[in-house]
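Since the structure comes first, as structure tokens, the remarks are kept for the end.
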């Protein structure tokens, strides 16, 4: 499946559009507001299911390729990868959150084009 994830410009309220979701676990977090606009720049990817792993390839805005990065679709392995602080740690952290909240298997993501400045 081909995906396009658009970039966004936050005019104000950086991250308050999604961070407010944490209010369900911490009522002390204030409600936030944000004004954002989507862009026609973004991340293009080909994705397909994988039975046991998260596999990610990335293309930077200068055309440089990173990966493939492979990690078992296992909570402990994903958490360790997320906490490692490497280039793919964010992807591992997102996969960890999805795995712990939903019944999922692995995924192969080939970010084959990026025209969003990183």
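Numbering (my numbering), first residue to last: 61 to 178.
Cβ atoms here follow ideal geometry from the backbone N, Cα and C, with glycine treated the same way.
Computed from a prediction, not measured in an experiment: that's the story for all the values here.
Output the boundary residues of the beta strand (DSSP E) element that contains residue i.
i	result
residue 169	166-174
residue 67	62-72
Should residue i and residue j be called a contact, given that it needs their Cβ atoms to be closer than 8 Å?
i	j	result
residue 63	residue 118	no
residue 123	residue 101	no
residue 69	residue 99	yes
residue 165	residue 109	yes
residue 120	residue 133	no
residue 167	residue 156	no
residue 148	residue 116	yes
residue 158	residue 103	no
In the structure shown, what three-state DSSP assignment does residue i receive?
i	result
residue 42	Outside the displayed range of the chain (61 to 178) lies residue 42, so it cannot be described from this structure.
residue 81	helix
residue 97	strand
Which same chain residues, not among the five before or five after residue i, have their C-beta less than 7 Å away from its C-beta?
i	result
residue 160	135
Can you find the residues in the same chain that come closer than 8 Å, C-beta to C-beta, to residue i, ignoring five residues on each side of it along the sequence?
i	result
residue 73	92, 93, 94, 95 and 96
residue 89	79, 80, 82 and 83
residue 137	131
residue 151	114, 116, 129 and 169
Give every residue of the same chain whose Cβ lies closer than 6 Å to the Cβ of residue i, excluding the five residues on either side of it in the sequence, and list them in chain order.
i	result
residue 175	101
residue 153	142
Inset, instruction - Could you tell me which uninterrupted alpha helix (DSSP H) segments, each at least 4 residues in length, are contained entirely in the segment 108-164, listed from first to last along the chain? - result: Segments of the alpha helix (DSSP H) lying fully in the segment 108-164: 135-143 and 149-161.
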